[in-house]
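Here is the structure we will look at, set down as C-alpha cells.
In C-alpha cells form, the structure reads like this:
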C-alpha cells in the first residue's frame, strides 16, 4: 500500500492521524468470525489488528522501523477511544483493548478529524485574518529599522536643503533581533513553508537563548551554563558518565573496576531515567512541540541532510539548560548503544530500542494529550541519537554570517557612512540527483583524482628515481586500468617522460704511497 508523506505545515499531527486511520480502514483485512456461539461478519481480532498495523507503521516513511508492538497496541487503544474502531457489540470510548482475540469492527461514521481552516477576512462577518509572523510586535524590528532608514534617505534626496539626520546607533536590542531574525529566516527556508507563524509561537523565540547556545560552549561543543543551579546534579552526571564509559562504579566501589553486584548497571540506568522523567517538561519544551513535529516531515532518506540542518537550527531555540541536558543525554544514549561491553540492561529488549523508548517521552511531548505523541517522539529521538554530533553542533555558516553583518553595521555607524554589507546568505542545498548519475559522478571524479595523482608522481622533480619507481609500481598494482591508459605500452613510465639521472662517473681511486723508509 502506498504511503503519503506528510510534508511540514500547519496541523501536521492531525494530518498524520487522518492518514493512519485512512490506511488502517482501507487495508485491514475483514473476515467472518464466530464467538460465543454467534457469527460476526466484517470484523477482525485485536491480535490480527496489532499484527497488520505494526507492519504498516514500520514500513511507513512517516514513522519508521523503530515502532514497537506495544506502541501499536497503545495506538489501537486510542483508535477505540476516538471511535475509529468499536467492538462487535458497538461499544467504544471507555472500553479497553488488549493484544488478544477480542473482536472489533469499523463504525459506519467517518473517524477523520477535521482540519481547521485559516480565517479569511470578511467585512460582513467581521472575521480578521490571523496575524502573520511579520505582523507580530518586534519580530522584524531590525527590518523595519532599515526600511525607515531607506525612507529617510529618499526624503533627503528630494529635499537636500534639510539638515542631515544622524544615523541611529545600533543598540543591543537591534543586535539580538539580527540573531533571531536571521536564524528564523534560515529555518523557514529549510522547512519550505510560506510562514513560520503556523508552526511556531514567536513569543517562544528568545534571542538570548540563540546567542548563548551559539557562543557559550566548551571545548567539547556542549553548552556552558552561567547559572549552575540549572545544570544536571553531580550524581546524575556521574551516573551518565559511568554508563557511557561502561564503568559503573561512580558511588559504591571507587577502587574496583567491577560492579558491586549483578544488575548494578540496570539500577544506575533506572536512576538516570527517573531523573529525566521527573523534569517538569520535555527537553524540547512544550512551546516548540509543533515546530519539531513539522521537522519530522523532512526525515526521509533523500532529504536526511536537510533534516539535520533543520534540527540544528531548531535546537538553537531551546533554553540553554535544556539544550545542555539534551546534548549530554544524546551522547550517553549513543555511546551506550554502540558499547559492545555494556551488559544487557533489559532481559528482552535490545539496548538501542531500550534507549529510544525509555527517553522518547522525556525529549518530545505536548502539553495536551496527542494521539501520536509516542510514535512521533520515537522517530525523532532515534534520528537525534544517530546524528547527535552534527545536529547539536554550532552551525558555523550561520555564526559567521551574523557576526559579519553585525560588525559591518557597527563600522558603518562609527564613520557615518552607508553600510556596504553583503546580504545575509540563505543556506542552500544540493539538488537531488538520480542514483545512476551519482554512481557516474563517483566513478568519474574518483578516476580523475587517480589520474592527477599519477601525473604528480611522474612530474615530481623533488622525488628520487628510486622512490618514483617504487610508487609507480604500487600505483600500477592498485590501479592497473588507469596506469595502462597513461602508459599503454610496456615501457616504464619513468623512461617516457623523465629520463633517469646519470650516475656520476666513478672517480679513479688514487693509491697512497707508503714510505719504505726505515
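Residue numbers (the working numbering): 4 to 521. Heads up, the beta-carbon is just placed ideally off N, CA and C, and yes, glycines get one too. The structure displayed is predicted, hence computed values, not measured ones.
Leaving out five residues before and five after residue 346 in sequence, what residues of the same chain have Cβ atoms less than 7 Å from its Cβ?
Counting only Cβ-Cβ distances below 7 Å, and skipping sequence neighbours, we find 268.
What do you reckon, are the CB atoms on residue 357 and residue 329 nearer than 7 Å?
Their beta carbons are not under 7 Å apart, which means residue 357 does not touch residue 329 by this criterion.
Which runs of the beta strand (DSSP E) spanning at least 3 residues fall entirely within the stretch 75-112, listed in chain order?
Segments of the beta strand (DSSP E) lying fully in the stretch 75-112: 106-108.
Rounded to whole angstroms, what's the CA-CA distance from residue 51 to residue 308? Just pull it up for me.
Whole-angstrom Cα-Cα distance: 37 Å.
According to DSSP, is residue 34 part of a helix, a strand, or is it coil?
It is a strand residue.
Take residue 201 and list the residues in its own chain whose beta-carbon comes closer than 6 Å to its own, dropping the five residues that flank it on each side.
Taken in chain order, the residues that qualify are 13.
Using the C-alpha atoms, what's the distance from residue 110 back to residue 32?
About 15 Å.
Taking 7 Å as the threshold (C-beta atoms), are residue 321 and residue 386 in contact?
Not a contact, by the Cβ cut-off of 7 Å.
For residue 25 and residue 402, I'd like the C-alpha separation in whole angstroms.
Residue 25 and residue 402: Cα-Cα distance of roughly 44 Å.
Determine the burial state of residue 65: buried for a count of at least 16 other Cβ atoms within 10 Å of its Cβ, exposed for fewer.
Buried: at least 16 other Cβ atoms inside 10 Å.
Which residue from 276, 94, 313, 399 puts its Cα closest to that of residue 296?
Of the listed residues, the one whose Cα sits closest to residue 296 is 313.
Mapping DSSP to helix, strand and coil, what is residue 467?
Residue 467: coil per DSSP, three-state reduction.
Only counting the same chain, and skipping five residues up and downstream in sequence, which positions put a Cβ closer than 7 Å to that of residue 221?
The residues are 227.
Do the stretch 91-105 and the stretch 44-60 make contact, defined as three or more Cβ pairs closer than 8 Å?
Flag = yes, the stretch 91-105 and the stretch 44-60 touch.
Taking 7 Å as the cut-off, decide whether the C-beta atoms of residue 56 and residue 75 are in contact.
It is a contact, given that the beta carbons lie within the stated cut-off.
How far does the alpha helix (DSSP H) with residue 218 in it extend, from its first residue to its last?
Unbroken alpha helix (DSSP H) run through residue 218: 210-218.
Closest by CA to residue 204, which one among 196, 179, 293, 304?
The shortest C-alpha separation from residue 204 is found at 293.
Any idea what DSSP makes of residue 226, helix, strand or coil?
Strand, per DSSP.
Return the chain-ordered ranges of every alpha helix (DSSP H) run that is complete within the stretch 237-321 and spans a minimum of 4 residues.
Runs of the alpha helix (DSSP H) inside the stretch 237-321: 237-247, 267-280, 292-298, 307-317.
In whole angstroms, what separates the C-alpha of residue 216 from that of residue 229?
So the alpha carbons of these two residues sit roughly 12 Å apart.
Closest to residue 35 by C-alpha separation, out of 194, 46, 27, would be which residue?
If we check each option's Cα against that of residue 35, 46 comes out closest.
Nearest to residue 82 by alpha carbon, out of 278, 486, 27?
Looking at the Cα atoms, 27 is the closest of the given residues.
Between the alpha carbons of residue 395 and residue 362, how many angstroms are there, rounded?
Taking the straight line joining both Cα atoms gives about 17 Å.
So, is residue 414 buried or exposed, given that buried needs 16 or more other C-beta atoms within 10 angstroms?
So residue 414 ends up on the exposed side.
With H, G and I counted as helix, E and B as strand and the rest as coil, what does DSSP make of residue 135?
Residue confidence is low: residue 135 scores 46 on pLDDT, short of 50, so the model does not pin down where it sits. Its coordinate-derived value is still stated next. Of the three classes helix, strand and coil, the one that applies to residue 135 here is coil, per DSSP.
Look up residue 71 in the DSSP assignment and say whether it is helix, strand or coil.
Coil.
For residue 337, which residues in the same chain have their Cβ closer than 7 Å to its Cβ, ignoring the five residues on either side in sequence?
Excluding residues within five positions, the ones whose Cβ falls inside 7 Å are 388, 391.
If we call anything under 7 Å between Cβ atoms a contact, is residue 243 one with residue 333?
Cβ distance not < 7 Å, so residue 243 and residue 333 don't count as in contact.
For residue 11 versus residue 240, is the C-beta spacing smaller than 7 Å?
Contact: no.
Which residue or residues does DSSP assign as beta-bridge partners of residue 43?
The partner list for residue 43 (beta bridge, DSSP) reads 36.
What are the start and end residues of the alpha helix (DSSP H) that includes residue 178?
Per DSSP, residue 178 belongs to the alpha helix (DSSP H) from 175-194.
For residue 16, I'd like the list of residues in its chain whose CB is within less than 7 Å of its CB, leaving aside the five on either flank, ordered along the chain.
If we look at residue 16 and ignore the five residues flanking it on each side, its Cβ neighbours are 296, 373, 375.
How far does the alpha helix (DSSP H) with residue 326 in it reach, from first residue to last?
Counting along the chain, the alpha helix (DSSP H) containing residue 326 begins and ends at 323-341.
Can you check the stretch 339-369 for any alpha helix (DSSP H) of at least 4 residues that lies completely inside it and give the ranges in chain order?
Segments of the alpha helix (DSSP H) lying fully in the stretch 339-369: 354-366.
Identify every residue that forms a DSSP beta bridge with residue 48.
Partner(s): 106.
Round the Cβ separation of residue 71 and residue 349 to the nearest angstrom and send it over; I've been treating them as touching at under 8 Å.
The Cβ separation is near 12 Å, so there is no contact.
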